[in-house]
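Respectively, the protein sequence lines represent chains V and P. Per the working numbering, the first sequence starts with residue 1, numbered consecutively. Per the working numbering, the second sequence starts with residue 1001, numbered consecutively. For reference, the structure is listed below as C-alpha cells.
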Amino acid sequence: MSNELIQIETPFQFSEENQRKFDKLIQRYPVKEAAMLPTLHLAQKQAGYISPAVMEHVAELLELPVMKVKDVVTFYPMFFEEPVGKYVIRVCYTLPCALRDCKLVLEHIKEKFNIDVASETDLAKGTTPDGKFTLLKSECLASCDVAPVVMVNDDLYKNLTPEKMEEILDGLE
Amino acid sequence: MVQERRILYEHLDVPDINTFDVFRQYDGYKRFEKTIKEHQPEEICDMVTQSGLKGRGGAGFSTGLKWSFVPRDIEPRYLCCNADESEPGTFSNRYVLEKNPHLLIEGILICCYAMGISTAYVYIRGEFTLGKRMLDAAIEEAYRHGYLGKNILGSGFDLDVYSHPGAGAYICGEETGLIESLEGKRGQPRVKPPFPAVEGLFHKPTVVQNVETLCNLPFLMGQGVEWYTSIGRTYGDTRFDPPQSDPNTGTKLYCISGDVNKPGVYELDLGLTAEELIEVAGGVKGERVKAVIPGGSSAPILTHYELECRLDFTSLTLWKSMLGSGGIIVMNETRNIVDCLLNIMKFYAHESCGQCTPCRWGTPWVRDIVQRIADGEGRQTTIQRPRFGIAEGGRWGDTGEMEEVYEDLDLLESVANNIANVDTMTWNTICVFGIAVSWPAVSYLRKFRPEFEAAIREGKLVTLPVEEATVPPEENYAYQQRIVPRLFEAPA
C-alpha cells in the first residue's frame, strides 16, 4: 500500500451573485440541460477552469449525470480542464491573419515569456510559471479586416505588430 | 466603379445607434409596427418568397421556401438566430451585433410574427463577448419599451428573445450542430431529414436564420417587395449570367480581406464580379491577384482567369464554387498556395467534430499530406508504364516508359474526394463539413498543381510566378465544366 495522500477537492459552489444569474438563466429553457453552455461559462468565470468539482456541481444543478457535463466540456475549446493564466492570450492563426504576419506576433509572445503554445491537452506548456499568461493559437476570430488580431481574455486587439503587442502585454497587470 | 449601396449598414456608424432612442430616430422598429398593422402573418411569408431573399449564412437557400416547410399546427415553434460567425474570412455579423443590435431584434420580431413563434434564441459565438454584451443590453431595452415580452404593442403577439453563448466550436455554425449545442450537448450535426423546419430545437419546428438574413427583413417589409427585387444587378449583359428564373436580389455584406488595400465590409448589390469587388476594396496590394477565395475558406478557390465570375449564389455555383458566407480572401503573387492550403487544412483538422469516420480520420490525413509537401518531403516515385516487348539484350521484358509520378498529390485528391466527392457533389459524412474540407483541398490542388509539383520536386516550398503556378483555363476543371447558360440575346 502506498502512503500517497489523496487530495480531495473542495466542493464548488456558485457565489451568491452567480447563483442569482443561474436561477434567471435556467428559466429561459424548457429543458434544464439546455442551460449547459451558459452555466459552464459562468462557472469557468468564477473558478478559472472547469475542475471535476465544478462539473459535479453543474451536473447537480442541471440534474444530469456528471459524464454528460464532461462530454460537453471536452468538446468545446473555450472550456479549460486545467488551470490557466490570469490572462488567456488567443492569437488568431487562420488564413486572413496568416496573410498579415500573425506569425511574427506569436513568435514575439513566445520569446517574451519563453513559453510554447498551449495545446488543449497540455495547457501547462503554454502558461508562464507565475501563472499570469497562457498562450493559445486560435481559429478565425472574425475580424479579418483588421488582421492580425489577438484576444486577451474578453478584449480584442486589432492591427497588431510585435511592438504593439509588447506594449499591450506590458500594460496588463 | 461600382457604388456601395448601404441598406443594412446604412446607420452602422451613427454614434449610439445601439441605444433604443437613437435607433428610433432612424426609423427603428417603425417597420415592425407597419408590418404588424398592415399585414397578416401569411402575407409576410408570401412577400418574403416573392422577394427572392436567400439565406445569407452560406447555403443560399430561399428563405420563403424554408418558412413554408414549417408546420403551423405544432406548438411551440422556435427561431434560432445563427450568430456563430466562424467561417474564416467572414466578419459582417460581428459589426451588426456590436454596433446595431436593435436592427437584429427588429428582424427577429418580423420573422417571429410571420411564423407565429414566441421564443427566439440568438446563438452567439463564445468569442463575441462585446457583441453579446451589446445585444443583451439591446434586448433589455426592447423589453423595457414593450417591443419584447407579452402582448407586444397591444397586438396579442408575445415574444421572448434570449442570447445564448457558444464555446468556440466551428461546427456549431451548422444548423443542426447549432441546435444540438443549444440543447446543451456536443455540437454534432444531426442526420437530415428530418430538417429543423419540421423537427429542430427540443424536437419542435425550428427556423434557423443567419443574422444578415434577419436584418434584411425590416427593409423588405418597410419598403416592399418591388423595391427589394429592384436591387441586384440586372442580368444579361455577359454570357456568364445565371438564368433569370433564379434571381439574386438584395444586397450582400461582402467581407473582403487578405491582400487588398482597403479590407473591410462592403455592402453591394448581389452579382458584381470578383474583379469589381477587388477594385471597390482599393485594388490588390502587391502587383497582381494570384487567387481569390470567394466565400469563406470552404469555397473552392478562383484563379486569376476566373475573376470575371459574378459573386452571387447562382453564378458561383455554375462556376463550381460558392458564395457561402461572402468572405472573400485575396492572395497576391507573393503567396504560396501550398502554404495557404496547409493553413486551411489545419483549421479543418482541428474543427472536425469527430462524429463521422471519413471526416475524423480524413481531415488530419489531408493536413498531414499537405504538411509533408510543405516540409519538402512530398512523395514522388518513378513508375514504369506497362508494355511488354523486346527489352535490352534481346529478351522479352517490360519496355514501358519510365514516368515520374507525384504520389502524394494523387493521394491527397483521393483522400479528400473520399470525405466528399467534389465532382459528383456527394458527401460521405452527415453534414456538409465534409465538402467544406475537400472543396478547398481538391480545387487548390487542381488549379495550382504546378506549385504543388514544384514543392515536391525541389524539396521545399517554391512560390512560382502567377502564370506558371496556375493551371491554364484549358486544363482547369472548373473553368471547363462551368455551366454557361444560354447566350443572352437582346430582343430584336
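Here a beta-carbon is modelled for each residue, glycine too, at the ideal position from N, C-alpha and C. If you're wondering where the values come from, they're calculated on a predicted model, not measured in any experiment.
Within the segment 35 to 61 of chain V, contact with chain P at the beta-carbon level (separation under 8 angstroms) is assigned to 35, 36, 37, 38, 40 and 41. Distance from the CA of residue 1149 of chain P to the CA of residue 1259 of chain P, rounded to the nearest whole angstrom, comes to 46 angstroms. A distance below 8 angstroms separates the beta carbons of residue 1232 of chain P and residue 1250 of chain P. The beta carbon of residue 1069 of chain P sits closer than 8 angstroms to the beta carbons of 1195, 1197 and 1198 from its chain, once the five residues preceding and following it are set aside; these are given in chain order. Sixteen is the threshold: since fewer than 16 other Cβ atoms of the shown chains lie within 10 Å of the Cβ of residue 1061 of chain P, the residue is exposed. Assignment of beta strand (DSSP E) within the segment 1312 to 1380 of chain P, counting only whole runs of 3 or more residues, yields 1327 to 1332 in chain order. Apart from sequence neighbours up to five positions away, the residues of its chain that approach residue 1189 of chain P with a beta-carbon distance below 6 angstroms are 1174, 1176, 1177, 1430 and 1431, ordered along the chain. At a cut-off of 8 angstroms between C-beta atoms, residue 1304 of chain P does not count as an interface residue with respect to chain V.
At least one CB atom of chain P sits nearer than 8 angstroms to the CB of residue 143 of chain V.
Rounded to the nearest whole angstrom, the CA to CA distance from residue 1316 of chain P to residue 1322 of chain P is 5 angstroms.
Per DSSP, the beta-bridge partners of residue 1403 of chain P are P:1383. Under DSSP, residue 1397 of chain P shares a beta bridge with P:1389.
When DSSP states are grouped into helix, strand and coil, residue 90 of chain V belongs to the strand group. Around the beta carbon of residue 145 of chain V, 16 or more other beta carbons lie within 10 angstroms, which makes this residue buried.
Neighbours of residue 33 of chain V in chain P, taken as residues at a C-beta separation under 8 angstroms, are given in chain order as 1183, 1184 and 1185. Identification of residues in the segment 76 to 102 of chain V having a C-beta nearer than 7 angstroms to some C-beta of chain P yields 76, 77, 78, 79, 94, 95, 96, 98 and 99, given in sequence order. Comparing alpha carbon positions, the residue from V:68, V:23 and V:10 closest to residue 47 of chain V is V:10. Rounded to the nearest whole angstrom, the C-alpha separation of residue 1046 of chain P and residue 1225 of chain P is 10 angstroms. At a cut-off of 8 angstroms between beta carbons, residue 173 of chain V makes no contact with chain P.
Taken atom to atom, the span from the alpha-carbon of residue 1097 of chain P to that of residue 127 of chain V is near 32 angstroms. In this structure, the straight-line span from the alpha carbon of residue 78 of chain V to that of residue 1168 of chain P is close to 5 angstroms. Distance check between residue 1434 of chain P and each of P:1446, P:1420, P:1444 and P:1442 places P:1420 closest, using alpha-carbon atoms only. Here residue 1120 of chain P carries a strand assignment [DSSP, helix/strand/coil]. Spanning the alpha carbons of residue 25 of chain V and residue 124 of chain V requires a straight line of approximately 33 angstroms.
In this structure, residue 113 of chain V keeps its C-beta atom at 8 angstroms or more from the C-beta atom of residue 61 of chain V. Contact annotation for residue 1343 of chain P against chain V: 93, 94, 95 and 98 [CB-CB distance below 8 angstroms, chain order]. Residue burial is scored here from C-beta neighbours: residue 1388 of chain P has fewer than 16 other C-beta atoms within 10 angstroms and is therefore classed as exposed. Sequence-distant Cβ neighbours of residue 131 of chain V in its own chain, meaning closer than 8 angstroms and more than five residues away, are 83, 85 and 86. Residue 1151 of chain P has no beta-bridge partner at all, per DSSP. With respect to chain P, the C-beta atom of residue 66 of chain V has no partner C-beta closer than 8 angstroms. The Cβ atoms of residue 1130 of chain P and residue 1108 of chain P lie no closer than 8 angstroms to each other. If you check each beta-carbon in the segment 1079 to 1106 of chain P against every beta-carbon of chain V, the ones closer than 8 angstroms belong to 1085, 1086, 1087, 1088, 1089, 1090, 1091, 1093 and 1094. With a cut-off of 8 angstroms on Cβ pairs, the segment 1406 to 1418 of chain P is in contact with the segment 1436 to 1452 of chain P, counting three or more such pairs. Within the same chain, Cβ atoms closer than 7 angstroms to the Cβ of residue 58 of chain V are found at 39, 40, 43 and 69, the five residues on either side in sequence being excluded. Residue pairing by DSSP places residue 171 of chain V in no beta bridge whatsoever.
Each residue's CA atom was taken as its position, placing residue 1044 of chain P and residue 14 of chain V some 45 angstroms apart.
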